[in-house]
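Here the structure comes first, spelled out in structure tokens, and everything after it is commentary.
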Amino acid sequence: MAVPQRLPKALPYSSIERLIESTEDPATAVGSRDRALVEMLYGTGTRISEIVALDVDDLDLESEVVTVTGKGNKQRRLPVGGSALRAVQDYLVRGRPALVGGGRRASGPALFLGVRGRRLSRQAAWEVVRAAAARAELGEHVGPHTLRHSYATHLMEGGADVRVVQELLGHASVTTTQIYTLVTADALREVYAHSHPRAQ
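Mapping of the sequence shown onto this note's numbering: residues 0 to 199, in sequence order.
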């Protein structure tokens, strides 16, 4: 199986920071949810379908891991970084209870809730990312999958082994993950071309 030629577009870390800062006001219930959602998407590299399927019990705050159910109903345990943990804890304390109260019926176990107290839909989660990207002036092509690509690319650039990234992303084959080695190689070539005095 050949590696696809179209390389995924990853955002530089500075753009990720802008995107996160451009979510709705985290002092509001919806804003704290949006901040937690975007932090979790980038902090865990999960797919949009995986993130909206999360239940509160899937998150182990003490161990700092989340159990994600991916393609083929396969589960994987992912580490959750400090920024995402803080955002989720804030949402669980302030945002989620307000969203539960806004609903007319019981909210159930869903981690991320909409304004009516029900599980956040894929489309609504996608819109959270799109709106934050628009406010951050990052272009119209930025969506949840961009955060997944950025997560993988930044791990590879940081020296993570391709097989570790494969496990984290939930890829069945390492071939799928190897595209990120090409992205990293391109980035290295670009840095070399701009930085080395004998590159030209």
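The C-beta atom is built at its ideal place from N, Cα and C for all residues, glycine as well.
Since this is a predicted model, take the numbers as computed values, not measurements.
Cβ neighbours of R93 within its own chain (closer than 6 angstroms, five residues either side excluded): S31. Take S120, set aside five residues on each side of it, and the residues of its chain with a beta-carbon closer than 8 angstroms to its own are V51, G113, in chain order. Inclusion of T43 and L84 in the CB contact set at 7 angstroms is not warranted, their separation being larger than that value.
Annotated as distal: A97 and A159, with beta-carbon spacing of 7 angstroms or more. Listed as beta-bridge partners of R76 by DSSP are T66.
Where S48 is concerned, the enclosing alpha helix (DSSP H) starts and stops at 47-51.
For the set V64, R197, A26, the Cα lying nearest the Cα of M39 is the one of V64. Taking all protein chains in view, the Cβ of G100 is surrounded by fewer than 16 other Cβ atoms within 10 Å, so the residue is classified as exposed.
Contact between the region 164-177 and the region 67-75 is established, with three or more Cβ pairs separated by less than 8 angstroms.
Counting the other CB atoms within 10 Å of its CB gives T152 a total of 16 or more, which places it among the buried residues.
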